[in-house]
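As you go down the protein sequences, you meet chains X and S in turn.
Heads up, the first sequence stops at 185 in our numbering, and the numbers go up one at a time, no gaps.
Heads up, the second sequence stops at 257 in our numbering, and the numbers go up one at a time, no gaps.
We treat Cβ as the ideally placed atom computed from N, Cα and C, and that holds for glycine.
All of these numbers come straight from a predicted model, not from anything done at the bench.
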Amino acid sequence: MEYILIIISAVFVNNILLSQFLGVCPFLGVSKKVGTALGMSAAVTFVMALATCVTYLLQYYVLVPFGVEFLQTVCFILVIAGLVQMVEIIIKKISPSLYQALGIFLPLITTNCAVLGVALMVVQKQFTFGGEAHMLNLGQSVVFAIASAIGFGLAIVLFAGIREQLELSNVPKQFKGVPIALITAGIMAMAFMGFSGMV
Amino acid sequence: MAGRWKLITKGFVKDNPTFALVLGMCPTLGTTTSAINGMGMGVATMCVLVLSNMVISAVARFIPDKVRIPSYIVIISAFVTIVQLLMQAYLPSLYETLGLFIPLIVVNCIVLGRAEAFANKNGVLDSACDGLGIGLGFTLSLTVVGLVREILGSGSAFGWKFMAPDGMLLFVLAPGAFIVLGYLMVLFRKLTTK
């Protein structure tokens, strides 16, 4: 039951992109076509789940026992950068076709603040799911990471669909490109606000 | 001297990180619920930017080309941790409101972008000026976005309430951030291009 609540909350209610503003750079950068948006969100889901799992273990089995929690930021970003590099090498070796599809997005993910953001959120924030607030355990953290990534994917794919149409429409010169995209995202965020209060 | 002055002032309009270069969108949208919050975020980013630019320009010669990006990230995250701990100690309420976005300065593309584009080719003093200029530009644009959202959303400016009704709550919430930034960008383009 609580897993379902985590998923609904992370995908719709607290959508990582439209209500927490994490990962806006790739959102504006690679959301011009539905195909690329799908590729990006698949790559993000993969890396986010792995990174959250590794950083969770790092936090509770290395940083906390040795009392060096202040190294959190440094360690986490290094883990994510290393992980992205490793995933890239492994995929290249195992499945060249998947590498073709995801290849260009993988290096971009290191600087996607959603990945570091979710990893930090899991170890810093208390969550309330049915009852008192508590920290997530490992299973819940991974589910939360995957659900956040799905929320990111949902927003970016929907937005890419809208943006394909936007390219064809006749908007004023100054609005072209980023400004009209931001305003459209604002309207989408308004639609997602309708989900608040669900969980 | 004139050259350095130019480095500092270019961040305001010509190379404004938010409106002209469209970098660092996440903190711009996430922390600008009021002018004070926006300014706090901008100043924190500026501190990291100036310090990391100085250190990177000083040590760039000794870093092998292949591992330069990870090395820069480590230097940047060291300064982010310092700023984070200082804010936690001396500005606890601002630290609470900005929350996650302080450690996320590490992945702010402005900081890494300046290290890669400017600091590793130029002297320590020039890099410090460049960091200061870009940082001031970023602070200015965050303050403006925060101010507009605060005026429309809660009827106050820098915490000073000048309007009895509370204003349109929408502008303090998430959709307002996107919409205000979009329209301000249009205004910026209108004013800077002929």
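Residue j and residue i - do their beta-carbons sit closer together than 8 Å?
i: Ser134 of chain X; j: Met34 of chain X; result: yes
i: Gly74 of chain S; j: Ile168 of chain S; result: no
i: Ala180 of chain S; j: Val146 of chain S; result: no
i: Ile63 of chain X; j: Ser134 of chain S; result: no
i: Val76 of chain S; j: Thr255 of chain S; result: yes
i: Met(-13) of chain X; j: Ile142 of chain X; result: no
i: Val128 of chain X; j: Cys61 of chain X; result: no
i: Cys172 of chain S; j: Gly87 of chain S; result: yes
i: Leu178 of chain X; j: Ser5 of chain X; result: Note on identity: in this sequence residue 178 of chain X is Phe, with Leu being the wrong assignment. Going by C-beta atoms, Phe178 of chain X is nearer than 8 Å to Ser5 of chain X.
i: Met102 of chain S; j: Leu205 of chain S; result: yes
i: Asn98 of chain X; j: Val164 of chain X; result: no
i: Gln160 of chain X; j: Val85 of chain S; result: no
i: Val187 of chain S; j: Ser120 of chain S; result: yes
i: Arg177 of chain S; j: Thr95 of chain S; result: no
i: Leu163 of chain S; j: Met107 of chain X; result: yes
i: Val16 of chain X; j: Gly147 of chain X; result: no
i: Val170 of chain S; j: Leu102 of chain X; result: yes
i: Thr96 of chain X; j: Ile66 of chain X; result: yes
Where do the N-terminal and C-terminal ends of the alpha helix (DSSP H) with residue i fall, by residue?
i: Leu3 of chain X; result: Looking at the DSSP string, Leu3 of chain X is not in any alpha helix (DSSP H), and its letter there is neither H nor E.
i: Lys78 of chain X; result: 58 to 80
i: Thr206 of chain S; result: 187 to 217
i: Ala123 of chain S; result: It is not in any alpha helix (DSSP H) - Ala123 of chain S carries neither H nor E in the DSSP assignment.
i: Leu167 of chain S; result: Leu167 of chain S -> no alpha helix (DSSP H), and no H or E assigned at all.
i: Leu168 of chain X; result: 164 to 179
i: Thr256 of chain S; result: It is not in any alpha helix (DSSP H) - Thr256 of chain S carries neither H nor E in the DSSP assignment.
i: Gln147 of chain S; result: 131 to 153
i: Met34 of chain X; result: 20 to 44
i: Gly230 of chain S; result: Taken as a continuous stretch (DSSP letters only), Gly230 of chain S belongs to no alpha helix (DSSP H), as it is neither H nor E.
i: Thr91 of chain S; result: 88 to 93
i: Tyr(-11) of chain X; result: -12 to -6
i: Val109 of chain X; result: 99 to 110
i: Val10 of chain X; result: 10 to 15
i: Leu94 of chain X; result: 92 to 95
Assuming residue i and residue j form a contact by the criterion Cβ under 8 Å, report the distance between their Cβ atoms to the nearest whole angstrom.
i: Val(-3) of chain X; j: Ile136 of chain X; result: 5 Å
i: Val109 of chain X; j: Tyr42 of chain X; result: 7 Å
i: Thr170 of chain X; j: Leu154 of chain X; result: The Cβ separation is near 14 Å, so there is no contact.
i: Ile2 of chain X; j: Phe130 of chain X; result: Not really, about 10 Å apart at Cβ, beyond 8 Å.
i: Leu148 of chain S; j: Phe56 of chain X; result: 6 Å
Report the residue from the options whose alpha carbon sits nearest the alpha carbon of residue i.
i: Gly105 of chain S; options: S:Ile119, S:Pro80, S:Met117, S:Gly222; result: S:Pro80
i: Pro90 of chain S; options: S:Leu199, S:Trp223, S:Ile165, S:Lys184; result: S:Ile165
i: Val243 of chain S; options: S:Phe221, S:Gly216, S:Met150; result: S:Gly216
i: Gly209 of chain S; options: S:Ile71, S:Leu195, S:Asp189, S:Asn100; result: S:Asn100
i: Leu14 of chain X; options: X:Gln126, X:Ala167, X:Met184; result: X:Ala167
i: Leu114 of chain S; options: S:Arg124, S:Pro127, S:Val137; result: S:Val137
i: Leu94 of chain X; options: X:Ile(-6), X:Pro12, X:Ile2, X:Asn1; result: X:Pro12
i: Phe7 of chain X; options: S:Ala237, S:Cys110, S:Trp223; result: S:Ala237
What is the DSSP secondary structure of residue i, counted as helix, strand or coil?
i: Ala133 of chain X; result: helix
i: Lys224 of chain S; result: strand
i: Phe258 of chain S; result: Only positions 64 to 257 of chain S appear in the structure, and residue 258 of chain S is not among them; the question remains open.
i: Phe161 of chain X; result: helix
i: Phe52 of chain X; result: coil
i: Phe82 of chain S; result: coil
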